[in-house]
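Presented below is the structure to which this report refers.
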Amino acid sequence: GESVGLHLPTLSVQEGDNSIINCAYSNSASDYFIWYKQESGKGPQFIIDIRSNMDKRQGQRVTVLLNKTVKHLSLQIAATQPGDSAVYFCAESSGSARQLTFGSGTQLTVLP
Amino acid sequence: EAGVVQSPRYKIIEKKQPVAFWCNPISGHNTLYWYLQNLGQGPELLIRYENEEAVDDSQLPKDRFSAERLKGVDSTLKIQPAELGDSAVYLCASSLDFDPAINEQFFGPGTRLTVL
Chain A
4 GESVGLHLPT LSVQEGDNSI INCAYSNSAS DYFIWYKQES GKGPQFIIDI
54 RSNMDKRQGQ RVTVLLNKTV KHLSLQIAAT QPGDSAVYFC AESSGSARQL
104 TFGSGTQLTV LP
Chain B
15 EAGVVQSPRY KIIEKKQPVA FWCNPISGHN TLYWYLQNLG QGPELLIRYE
65 NEEAVDDSQL PKDRFSAERL KGVDSTLKIQ PAELGDSAVY LCASSLDFDP
115 AINEQFFGPG TRLTVL
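Protein sequence lines, in the order shown, are assigned to chains A and B.
According to the numbering used here, the first sequence is numbered sequentially starting from 4.
According to the numbering used here, the second sequence is numbered sequentially starting from 15.
In structure tokens:
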């Protein structure tokens with residue numbers, strides 16, 4: 004079946020550096036994508052989203068890039084802070100059911 | 015404003031025992047979701063409610079899992095009997111309406127189930 008997956012299960016960055024988390028998806032009909040942040044013991048929290056008619060969207064310290072040609076999504080976090088340490092999931096939605104399909108997650112660790 | 019509330023936060027039971035999870039969504043949210051999350055994996059949808067109606071339960075193992083949403087507000091997810099493989103985090107989420115492209119899903123903290 005269709006799936007959404009991540010390239011790397013773990014990522015460690017120095018505090019202050021930029022982080023890039025990648026996600027590959029396989030459903031060419033996906034038209035809406037979300038990045039979630041999940042801290043230990045908490046539910047996923049919405050970070051930023053992007054629709055398939057866009058290539059880039061920026062938020063506060065975060066940017067999402069969408070490459071529909073290669074079915075690739077990335078989350079860039081600028082000036083990574085200790086509070087950014089968490090598991091990050093990408094999710095996609097498509098079709099009339101509008102069900103969210105999540106990837107398997109990347110653990111981001113920010114080193115002091 | 016209170017977020018999605020779930021209880022209990024943790025539950026340890028022996029296999030073959032029944033277990034129930036409770037969810038109180040954000041006030042005014044018509045859509046309620048139950049997700050299953052295995053360690054290191056993303057959430058997987060079990061069931062979606064629009065008000066009190068279960069409109070998508072295709073991923074719910076109906077031989078042992080059941081759910082209800084009385085009066086279109088609180089919801090309960092039950093497993094009977096529990097199996098070892100049911101150990102996971104059960105997440106509840108709610109949104110104003112079902113389309114995630116328009117309505118953000120807000121997640122509760124989850125119930126971590128351990129089946130011994």
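From the three backbone atoms N, C-alpha and C, an ideal C-beta is built for every residue, glycine too.
- In the three-state scheme derived from DSSP, where H, G and I count as helix and E and B as strand, LYS85/B is classed as helix.
- What LEU59/B touches in chain A, judged by beta-carbon distance under 8 angstroms, is GLN102 and LEU103, going in chain order.
- A Cβ-Cβ contact shorter than 8 angstroms links SER22/A with THR83/A.
- Excluding five sequence positions before and after ARG54/A, the CB atoms of its chain that fall closer than 6 angstroms to its own CB belong to TYR35, given in chain order.
- Taking a C-beta distance under 8 angstroms as the contact criterion, VAL87/B and GLN51/B do not qualify as a contact pair.
- When CB distances to chain A are screened at a threshold of 9 angstroms, the residues of the region 35 to 58 of chain B falling below it are TYR47, TYR49, GLN51, GLY54, GLN55, GLY56, PRO57 and GLU58, in chain order.
- The Cβ atoms of ILE37/A and TYR91/A do not sit closer than 8 angstroms to each other.
- Under the 8 angstroms criterion on CB atoms, SER96/A is classed as interfacial with respect to chain B.
- For HIS75/A, the enclosing beta strand (DSSP E) begins and ends at 75 to 80.
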